[in-house]
Amino acid sequence: MKKRIGSYPRVRVEGGGRAVVSQAGGVLLVETARKTGLDQAISAVLTPWRKPRAVHDPGKILLDVALAVALGGDCLADVGMLRAEPAVFGPVASDPTVSRLIDTLAMAGPKALHAIRAARSEVRARVWKLAGASAPDAPGEVIVDLDGVLVLAHSEKQDAAATWKKSFGHHPLMGFVDHGSGGTGEPVAALLRPGNAGSNTAADHITATRLALAQLPKQHRRGRSTLIRTDSAGGTHEFLAWLSQRGRWLSYSVGMTITDAIHQAVLKVPPSAWTPAVEPGGEIREGAWTAELDGDVLKGWPRGMRLVVRKERPHPGAQLRFTDADGLRLTCFATNTANGKITDLELRHRRRARAEDRIRHARATGLRNLPLHDTAQNQIWLEIVQIALDLLAWLPMLALAGKPRLWEPRRLRLRLFSAAAELVSTARRRHLRFARHWPWTDVITDAVQRLDALPDPD
């Protein structure tokens with residue numbers, strides 16, 4: 003009989019290894035937190051919740067959980083992966099201590115949430131200043147996308163309910179700053195809502211917008227340099243009226259539902275008024291046209307609002323709606339931007355689709371499931387998820403270049419964070435030596451050098 007030969011080499015497996023650090027690439031997140039001052043800021047605002055003679059700092063505990071989530075964890079107990087590597091992550095609290103802190107912050111309610119959000123806002127302003135030309139406000143405009151997220155629940159958690167998609171869970175409303183085509187995005191709002199919360203609830207959109215604006219550097223909280231962008235769920239009279247009351251303070255680009263009035267107005271648009279839509283490179287989009295509506299269709303809506311409609315040939319197999327016309331799919335959005343071609347405004351609104359990428363990243367970073375029972379606890383979890391997403395956005399912004407700048411969280415974990423390293427102690431200093439043969443070792447070491455070159459926080 004022939005000896006069977008497998009496709010992979012056979013190695014002996016045993017425990018007892020020493021001087022090897024798993025998840026050593028997580029040092030990039032640690033250095034990002036340190037250089038941005040996030041660790042100091044979170045520690046300072048959570049000081050009121052530190053008990054006398056406590057061993058572990060509440061800010062360090064919360065940030066450790068966020069680091070675990072950024073590394074791929076999806077529950078409080080996953081902080082254990084940091085506890086196993088004290089040489090990189092320092093002393094990490096026990097699971098009971100972590101749970102007690104979450105309960106304490108949940109009982110503090112809005113006071114604790116405000117403290118955490120204030121720290122994130124303070125650090126965000128510093129990060130954008132450090133990023134320079136890579137900052138989201140470098141083009142002169144900050145774009146905030148609002149969108150709802152369905153988070154399924156598989157147990158009777160507080161406020162879990164049937165959703166509009168006939169699933170069961172929660173329906174948070176999220177806000178993300180768009181980094182444009184050269185980056186990803188970062189979270190600036192997370193409003194936890196029951197599963198049966200409406201998609202187009204104006205009060206929730208107003209609250210989420212307020213939370214998002216509070217996260218931006220002060221110069222962007224008022225002024226036309228900030229654009230609020232939503233899908234048709236934001237196209238309500240109350241929300242647009244609230245945005246318009248800010249006068250010159252805010253710009254908006256909000257999707258609108260094709261009502262019968264809009265449909266009739268589209269049918270009256272002469273063929274000569276339709277302009278071919280454009281692609282990001284400026285080339286004409288075949289089979290798509292845009293036009294601006296005026297007249298009676300704008301009655302009852304805020305003054306200065308512009309209504310832009312797009313018609314396009316549907317994709318093969320797409321099912322048309324009753325509101326479509328002449329076999330063409332209709333979409334519409336409203337904006338108060340007075341200047342600019344409607345084709346450019348339509349392209350700007352269409353880029354709102356990048357919010358779907360941000361939601362996908364959030365699902366891969368702790369938002370696949372809300373692991374706790376009470377709503378107040380899960381709201382703290384949402385803040386932890388946002389801190390993790392902040393770190394995953396700030397690291398590429400400050401330390402990565404080229405293609406790695408656009409890597410999504412899953413790819414960052416697979417190629418960078420999961421890399422192991424040898425821990426070497428010499429001259430009272432500890433060194434992490436990553437494998438020379440690992441394809442992305444240069445990306446890790448170059449990123450560390452860029453972070454080291456940044457000034458330390460005050």
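In the numbering used here, the protein residues as written are 3 to 460. Backbone N, C-alpha and C fix where the C-beta goes; we use that ideal spot for every residue, glycine too.
*Less than 7 Å separating the beta-carbons of residue 48 and residue 70?*
Numbered from 1 along the sequence shown, position 46 holds the residue referred to as residue 48. Numbered from 1 along the sequence shown, position 68 holds the residue referred to as residue 70. No, the Cβ-Cβ distance between residue 48 and residue 70 is not below 7 Å.
*The alpha helix (DSSP H) with residue 88 in it runs from where to where?*
In the sequence shown, the residue the question calls residue 88 occupies position 86. Residues 88 to 91.
*asked:* Quick check: residue 401 and residue 452, are their CB atoms within less than 7 Å of each other?
replied: For the purposes of this step, residue 401 is taken as the residue at position 399 of the sequence shown. For the purposes of this step, residue 452 is taken as the residue at position 450 of the sequence shown. Using a Cβ distance threshold of 7 Å, residue 401 and residue 452 count as a contacting pair.
*asked:* Buried or exposed for residue 298, going by 16 or more other Cβ atoms inside 10 Å?
replied: The residue labelled residue 298 in the question sits at position 296 within the sequence shown. By the 10 Å Cβ count, residue 298 comes out exposed.
*Put residue 373 into one of helix, strand or coil per three-state DSSP.*
Walking along the sequence shown from the start, residue 373 turns up at place 371. Residue 373 sits in coil when the DSSP states are folded into three classes, being neither helix nor strand.
*asked:* Considering just the uninterrupted stretch of the alpha helix (DSSP H) at residue 112, what are its terminal residues?
replied: Reading the sequence shown from its first residue, position 110 is the one you call residue 112. If you look at residue 112, you'll find it in the alpha helix (DSSP H) that goes 112 to 133.
*Look at the alpha carbon of residue 307 and the alpha carbon of residue 317, and state the distance between them as a whole number of angstroms.*
Taking the sequence shown and counting its residues from 1, the one referred to as residue 307 is at position 305. Taking the sequence shown and counting its residues from 1, the one referred to as residue 317 is at position 315. Rounded to the nearest angstrom, the two C-alpha atoms are 30 Å apart.
*Closest to residue 152 by CA distance: which of 164, 144, 145 and 160 is it?*
In the sequence shown, counting from the first residue as 1, residue 152 sits at position 150. Residue 152 has its Cα closest to that of 164, out of 164, 144, 145 and 160.
_residue 172 in three-state terms, based on DSSP_ = Along the sequence shown, read from residue 1 onward, the residue named residue 172 stands at position 170. Residue 172 falls in the strand class under three-state DSSP.
_residue 81 - DSSP class collapsed to helix/strand/coil_ = Working through the sequence shown from its first residue, we reach residue 81 at position 79. Helix, per DSSP.
*asked:* Please list the terminal residues of the continuous beta strand (DSSP E) segment that includes residue 230.
replied: For the purposes of this step, residue 230 is identified with residue 228 of the sequence shown, where counting begins at 1. Residue 230 -> beta strand (DSSP E) spans 228 to 232.
*Taking Cβ positions, are residue 399 and residue 133 nearer each other than 7 Å?*
Residue 399 sits at position 397 when you count from the first residue of the sequence shown. Residue 133 sits at position 131 when you count from the first residue of the sequence shown. Their beta carbons are under 7 Å apart, which means residue 399 touches residue 133 by this criterion.
*Starting from residue 344 and walking both ways along the alpha helix (DSSP H), at which residues does that stretch end?*
In the sequence shown, the residue the question calls residue 344 occupies position 342. Taken as a continuous stretch (DSSP letters only), the alpha helix (DSSP H) holding residue 344 covers 344 to 352.
*Is DSSP giving residue 286 helix, strand or coil here?*
Walking along the sequence shown from the start, residue 286 turns up at place 284. Note: residue 286 maps to strand in three-state DSSP.
_Going residue by residue through the region 357 to 423, where are the continuous beta strand (DSSP E) segments of at least 3 residues, counting only ones entirely within it?_
Segments of the beta strand (DSSP E) lying fully in the region 357 to 423: there are none.
*Would the beta-carbon of residue 125 be found less than 6 Å away from any heavy atom of the ligand NAD?*
This structure lacks the ligand NAD, and indeed carries no ligand of any kind.
*Could you name the residues of the same chain whose beta carbon sits closer than 8 Å to that of residue 433, not counting the 5 residues immediately before and after it, in chain order?*
Residue numbering aside, residue 433 sits at position 431 when the sequence shown is read from its first letter. Excluding sequence neighbours, residue 433 sits near 425, 426 and 427.
_Distance between beta carbons of residue 336 and residue 256, contact taken as under 8 Å_ = Translated into the one-based positions of the sequence shown, residue 256 becomes position 254. Translated into the one-based positions of the sequence shown, residue 336 becomes position 334. Right, the Cβ-Cβ distance comes to about 5 Å (below 8 Å), so this counts as a contact.
_Threshold first: 3 residues or longer. Then list the beta strand (DSSP E) segments lying entirely within the region 234 to 302, N to C._
253 to 258, 277 to 280 and 286 to 295
*asked:* Under 7 Å, Cβ to Cβ, is there at least one residue of chain B near residue 349?
replied: Any reference to chain B falls outside this structure, which holds one protein chain only.
*Indicate the three-state DSSP secondary structure (helix, strand or coil) for residue 180 in the structure shown.*
Here residue 180 refers to the residue found at position 178 when the sequence shown is read from its first residue. In the displayed model, residue 180 falls within a strand according to three-state DSSP.
*Starting from residue 336, follow its DSSP beta bridges and name the residues at the other end.*
Taking the first residue of the sequence shown as position 1, residue 336 is located at position 334. Note: residue 336 sits in a beta bridge opposite 256 and 309.
*Contact between the region 85 to 105 and the region 160 to 174 (3+ Cβ pairs under 8 Å)*: no
*For residue 13, three-class secondary structure by DSSP*: Here residue 13 refers to the residue found at position 11 of the sequence shown. Residue 13 falls in the coil class under three-state DSSP.
*Whole-Å CB distance - residue 367 paired with residue 391, under 8 Å assumed*: For the purposes of this step, residue 367 is identified with residue 365 of the sequence shown, where counting begins at 1. For the purposes of this step, residue 391 is identified with residue 389 of the sequence shown, where counting begins at 1. Contact flag correct, Cβ pair sits at about 6 Å.
_Which of the three DSSP states is assigned to residue 142 in this structure?_
As a working mapping, residue 142 is identified with position 140 in the sequence shown. DSSP places residue 142 in coil when its eight states are reduced to three.
*Would you check if there are 3 or more beta carbon pairs closer than 8 Å linking the region 94 to 110 to the region 192 to 204?*
no
_Member of 277, 197, 138 and 291 whose CA lies at the smallest distance from the CA of residue 219_ = Locating residue 219 in the sequence shown gives position 217, counting from the first residue. Per the Cα distances, 138.
_So, for residue 66: in the same chain, excluding its five sequence neighbours on each side, which residues have a beta-carbon less than 6 Å away from its beta-carbon?_
Here residue 66 refers to the residue found at position 64 of the sequence shown. Excluding positions up to five away in sequence, the list reads 81, 84 and 94.
_Length of the line joining the Cα atoms of residue 458 and residue 242_ = Indexing the sequence shown from 1 puts residue 458 at position 456. Indexing the sequence shown from 1 puts residue 242 at position 240. So the two alpha carbons sit approximately 42 Å from each other.
*Would you kindly report the start and end of the unbroken beta strand (DSSP E) that includes residue 188?*
Working through the sequence shown from its first residue, we reach residue 188 at position 186. Unbroken beta strand (DSSP E) run through residue 188: 187 to 193.
*Per DSSP, residue 67 forms a beta bridge with which residues?*
Taking the first residue of the sequence shown as 1, we reach residue 67 at position 65. DSSP lists no partner for residue 67.
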